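A.B. asks: Chains as they are written, first to last, in the numbering used here: chain L, 1 to 326; chain B, 1001 to 1051. Built from N, CA and C at the ideal position, the CB exists for glycine as well. Fair warning: this is a prediction, and the values are worked out from it, not measured in the lab. Would you mind keeping the following structure in view while I ask a few things?
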Amino acid sequence: MSWAAHDLEPYVIQKELGKRIAFVPLLIGSYAPDLLSKWFVYGVSLFGVDLKADNPAQFHRGWPGAGFTHSFVFGVAIGLLLYAVWRNKVVAYSFVVGQWAHALTDTGDTVGTMLLFPFTDHLFAVGAWAYAGQTGRYVDAGAYFSGLGFVWDGVFVVWGILSWRVLTRGYFRTTVMAADPFWRWAGRYLSEATLVALYRASFFYGVARWTAWLIWAHVVRSFAFDLRWGGPRWVPRIYARDLNAAAGCRCPGCCSMRPRLGFYGAVAVCAWTKGLIASGSGRRRHARGRPRAVRSRGRPRPLSGARTRWRKSRRLPADPRAERPG
Amino acid sequence: MREVALYLAAGVVYVAIGVAFPEFLFAWVVGVGFLLVSVVVLPALVERFRQ
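Below is the structure:
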């Protein structure tokens, strides 16, 4: 899991895509995978009743559990739902981009995410920092800000600060508002100063929280830094191989693949790719202006084509075939 | 420039509260509410009292 990257990624993506992306669905997409599951991972107390997952890591990232929220298909399904409701392609794919960014970012820890669910429940994990959600949120925070996790978040803090232009009022007015219907709707009720503050809120939250947790973990408390791969080693961590009852073989195409669904998925991807290639070549032909003329084999070349006329005007030797009598 | 200073001041106060009371850092809604109060509501109130 990441503590600040999900707040900051949308601003970096916004900078790259400009008017081609709608900020609010992008931000909601970036939060979506953890929106309904995180509280149950750490546990809450309601009216004296403690609610917490028996196996937090399995619930958060695995199957059975809510791990499907970290898959590509989940993003596409919600994107299609948004399209069905709003009939707005930008809103739909903005959500998908945000959700995919979250799912990919979370592959950085030792548990990883089920990116290709439901075709396979294999957990794709880079394993750079320890997954310690089962230890409770304070120890998890201490562990995250002592390993490579906080470095990864730091990359987004720096990248976000370097993208400061997306935070300016002018950029908000000309780009963010123009692309996202939410701000135009909210602008009927709220002042521009409030809208801009709301737009900047996640950036503020991400950067301030990253700073505060870092100070808390190493000044107020004394969690030890351990920047080794998969660290910190002092925290009890969970690995992808511990979840989803994955047996001996760890490859995605073996023990955890549902063969029939995997086959259908592969066919769908092939068909989609073929369609994409076909539409791409069609676009290229269109861009040239007109389709190529097809000359029949028996028919001679025209004598006074544009090239011949141009060569004659330049007094260069013409194509010998052009001298040929009709 | 005044706007940047306002956000920076809000950030410093937020970090200070968060370090003292880490529970404050968990809720996104609390963070957004804090920012709105700091950079929109309070300056508007100050402006009104000045007039």
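#1: Could you say which of Lys-52/L, Tyr-11/L and Phe-124/L lies nearest to Arg-241/L if we only look at CA atoms?
#2: What's the C-alpha gap between Gly-142/L and Trp-213/L?
#3: Quick one: Cα of Phe-1049/B to Cα of His-60/L, how far?
#4: With a CB to CB cut of under 7 Å and the five nearest residues on each side skipped, what residues in its chain are close to Tyr-171/L?
#5: Taking 8 Å as the threshold (beta carbon to beta carbon), is Leu-1035/B in contact with chain L?
#6: Could you tell me which chain B residues have their CB closer than 8 Å to the CB of Arg-209/L, listed as they occur along the chain?
#7: DSSP state of Asp-106/L, grouped into three classes?
#8: Quick one, which of Thr-211/L, Phe-204/L, Ile-21/L and Leu-243/L has its alpha-carbon nearest Gly-1033/B's?
#9: For Pro-236/L, count neighbouring C-beta atoms within 10 Å of its own C-beta (all shown protein chains included) and say buried if the count is 16 or more, exposed if not.
#10: Which class does Ile-238/L belong to by DSSP, given the choice of helix, strand or coil?
#11: Please compile the residues from chain L whose C-beta is within a distance smaller than 8 Å of the C-beta of Val-1046/B.
#12: Kindly indicate which residue of Gly-1011/B, Ala-1005/B, Leu-1042/B and Glu-1047/B has the alpha-carbon position closest to the one of Gly-1031/B.
#13: Within the same chain, show all residues whose beta-carbon is closer than 7 Å to that of Gly-18/L, passing over the 5 residues directly before and after it, in chain order.
#14: Spell out whether any CB of chain B is found under 8 Å from the CB atom of Tyr-83/L.
#15: Taking all protein chains shown into account, decide if Ala-1005/B is buried (16 or more other Cβ within 10 angstroms of its Cβ) or exposed.
#16: Return the first residue and the last residue of the alpha helix (DSSP H) that Val-339/L is part of.
#17: Under the assumption that Asp-106/L contacts Met-114/L (Cβ atoms under 8 Å), give the Cβ distance between them as a whole number of angstroms.
#18: Name the residue from Val-1040/B, Ile-1017/B, Leu-1036/B and Phe-1026/B whose alpha carbon lies nearest to the alpha carbon of Arg-137/L.
#19: Mind checking Arg-200/L: buried by the 16 CB within 10 Å criterion, or exposed?
#20: Could you work out which residues of chain B lie near Thr-110/L, taking near to mean beta carbons separated by less than 7 Å?
#21: Exposed or buried, Pro-25/L, counting other C-beta atoms within 10 Å across all chains shown (16 or more means buried)?
#22: With a cut-off of 8 Å, does the C-beta of Phe-145/L fall near any C-beta of chain B?
C.D. replies: Let me spell this out:
#1: Phe-124/L
#2: 8 Å
#3: 50 Å
#4: Arg-165
#5: yes
#6: Gly-1018, Leu-1025 and Gly-1031
#7: helix
#8: Phe-204/L
#9: exposed
#10: strand
#11: Within 8 Å Cβ-Cβ: nothing; Val-1046/B doesn't reach chain L, min ~14 Å.
#12: Gly-1011/B
#13: Thr-175
#14: no
#15: exposed
#16: Since the first residue shown for chain L is 1 and the last is 326, residue 339/L is missing from the structure and cannot be characterised.
#17: Contact doesn't hold; Cβ gap of about 10 Å is too wide.
#18: Phe-1026/B
#19: buried
#20: The premise fails here: Thr-110/L is roughly 23 Å from chain B at the closest Cβ pair, so nothing lies under 7 Å.
#21: buried
#22: no
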